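If you count by the numbering used here, then the sequence shown holds residues 1 to 147, one letter each, in order.
Reviewing the structure listed below.
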Amino acid sequence: MSRETRDPGAGETAPPTCRVGRWWRPCRGPAIGACVYCSRAFCARHGRDLPDGESVCARPRCQRKRADLQDHLRWRERALQRASARRCGIEGCPEEPEGQCSKCQAIFCALHLRDRTIVHREWAGAARRRASVCEHCWGRRGLWSFR
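In structure tokens form, the structure reads like this:
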């Protein structure tokens, strides 16, 4: 899908404009990218294209998602390293792992893994299902839920 918008009066496509700002009054400056988290177009003042190819707008929620994802990837790498040594994914836990988190794929002991009801979203809508989820992934769900 193109990031350009249709101008019904001219019959031509107009360049995309910044959609960041207050909902009733977005910036509308010339867009330089689209946020990977919210899909809003942003100008140079309201976002940036990062060296790793990620484009992130200045909205606080999108900035929190970016920081959370970086923290989560570091945490997941350490948890998977512990899993390769047949240890619980939680640092310092002496228990044997008993199951795998359906979100991060690391393995955990019974104390750090729970069977929970999660909402699985797809194009057609959402469905509730039971899944094994670690405490770390369960704690992140509020930031990543659709609102």
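Even glycine gets a Cβ: it sits at the ideal position worked out from N, Cα and C.
Given the structure is predicted, the values throughout are model-derived calculations rather than measurements.
Handout entry: Contact between the region 34-44 and the region 91-102 (3+ Cβ pairs under 8 Å)
Key = For the pair of segments examined, the region 34-44 was found not to touch the region 91-102: the number of CB pairs separated by less than 8 Å stays below three.
Exercise for the section: Kindly confirm or deny that the region 45-63 and the region 75-90 touch, where touching means at least three C-beta pairs closer than 8 Å. Expected result: no
Problem - Assigned exposure category for residue 50 - 16 Cβ within 10 Å defines buried - result: Locating residue 50 in the sequence shown gives position 50, counting from the first residue. With fewer than 16 other Cβ atoms within 10 Å, it is exposed.
Handout entry: Given residue 33 as reference, the closest of 143, 19, 110 once Cα atoms are compared
Key = For the purposes of this step, residue 33 is taken as residue 33 along the sequence shown, with counting starting at 1. Among 143, 19, 110, the Cα nearest to that of residue 33 is on 19.
Problem - Cβ neighbour criterion (16 or more within 10 Å) applied to residue 119 - result: The residue labelled residue 119 in the question sits at position 119 within the sequence shown. Counting Cβ neighbours within 10 Å, residue 119 comes out exposed, since fewer than 16 surround it.
Practice task
Count the other C-beta atoms from every protein chain shown that fall within 10 angstroms of the C-beta of residue 87, then say buried if there are 16 or more, exposed otherwise.
Solution key: One-based indexing of the sequence shown puts residue 87 at position 87. Buried: at least 16 other Cβ atoms inside 10 Å.
Problem - C-alpha distance - residue 111 paired with residue 144, whole-angstrom precision - result: The residue you call residue 111 lines up with position 111 of the sequence shown. The residue you call residue 144 lines up with position 144 of the sequence shown. Residue 111 and residue 144: Cα-Cα distance of roughly 24 Å.
Practice task
Specify the secondary structure class of residue 112 as computed by DSSP and reduced to three states.
Solution key: As a first step, residue 112 is located in the sequence shown; it is residue number 112 there, counting from the start. Correct three-state label for residue 112: coil.
Handout entry: Local Cβ density within 10 Å of residue 30, reported as buried at 16 or more and exposed below that
Key = Start at 1 with the first residue of the sequence shown, and residue 30 comes out as number 30. Of the residues assessed, residue 30 falls on the exposed side of the cut-off, its CB having fewer than 16 other CB atoms within 10 angstroms.
Handout entry: Option in 59, 140, 70 with minimal Cα separation from residue 52
Key = Counting from 1 along the sequence shown, the entry for residue 52 is found at position 52. For residue 52, the nearest C-alpha among the options comes from 70.
Practice task
Rank 117, 90, 116 by C-alpha distance to the C-alpha of residue 107 and give the top, closest one.
Solution key: As a working note, residue 107 is residue 107 in the sequence shown. Ranking the options by Cα distance to residue 107, first place goes to 90.
Handout entry: Whole-angstrom distance between residue 42 and residue 55, CA atom to CA atom
Key = Within the sequence shown, the letter at position 55 stands for residue 55. Within the sequence shown, the letter at position 42 stands for residue 42. Each residue's Cα considered, the two are about 9 Å apart.
Problem - CB contact below 8 Å: residue 86 versus chain B - result: Absent from the structure is chain B; it holds one protein chain and no more.
Problem - residue 94 classed as buried or exposed, judged by whether at least 16 other C-beta atoms fall within 10 angstroms - result: Taking the sequence shown and counting its residues from 1, the one referred to as residue 94 is at position 94. Flag for residue 94 reads exposed.
Handout entry: Delimiting residues of the beta strand (DSSP E) encompassing residue 49
Key = Along the sequence shown, one-based indexing puts residue 49 at 49. Segment 47-49, the beta strand (DSSP E) holding residue 49.
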